[in-house]
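S.K.:
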Amino acid sequence: MEIKDRLDKHVLNYLVTRGYTHAASALHAETHIQPDKDDNFLIEWFQVLNEYKHSHDADAAHTATKTTQLERSYELLAIEQRKLHRTQQLEQDKLKVIASRYSSANVPNPHSFQ
Numbered sequence: 015m016e017i018k019d020r021l022d023k024h025v026l027n028y029l030v031t032r033g034y035t036h037a038a039s040a041l042h043a044e045t046h047i048q049p050d051k052d053d054n055f056l057i058e059w060f061q062v063l064n065e066y067k068h069s070h071d072a073d074a075a076h077t078a079t080k081t082t083q084l085e086r087s088y089e090l091l092a093i094e095q096r097k098l099h100r101t102q103q104l105e106q107d108k109l110k111v112i113a114s115r116y117s118s119a120n121v122p123n124p125h126s127f128q
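Just so you know, the sequence shown maps onto residues 15 to 128 in my numbering.
#1: Would A43 and V30 qualify as a contact pair, given that the criterion is a beta-carbon distance under 9 Å?
#2: Is the Cβ of T31 closer than 9 Å to any Cβ of chain B?
#3: Can you find the residues in the same chain that come closer than 6 Å, C-beta to C-beta, to L56, ignoring five residues on each side of it along the sequence?
#4: Report buried or exposed for L84, applying the criterion of at least 16 other Cβ atoms within 10 angstroms of its Cβ.
#5: Please name the residue, chosen from K110, V111 and D19, that lies closest to P49 on a Cα-to-Cα basis.
#6: Terminal residues of the continuous alpha helix (DSSP H) containing H36?
#7: Should T45 and L63 be called a contact, given that it needs their Cβ atoms to be closer than 9 Å?
#8: Would you report the Cα separation of S114 and H76, rounded to the nearest angstrom?
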């Protein structure tokens, strides 16, 4: 039996099993293949495809969730970096004020070796 004939037989059996009598009759008239109600090849094949699709959809949803979590983590990290930078800037400003007080009060700088 050729591949086309086997495929026609699987399609015919699928149509009969699913109750598509008009389409099954048309295919039977064209190919003269007798249906085999025990042939579940296409039903099983579609079931495997559906399982794969559901698995793929679940994986895609999981990946999307993880991507969103990662993006949020990067956003929070950026916020924390800005806070840290601002805190460092404030500390540097305080040190500059303290240094300017010492220099304007003519207090010797203990780090100066003159």
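Where a beta carbon is used, it is the ideal one built from N, C-alpha and C, also for glycine.
M.R.: Short version:
#1: no
#2: The structure shown contains no chain B, having only a single protein chain.
#3: H24 and Y28
#4: exposed
#5: D19
#6: T35 to T45
#7: no
#8: 57 Å
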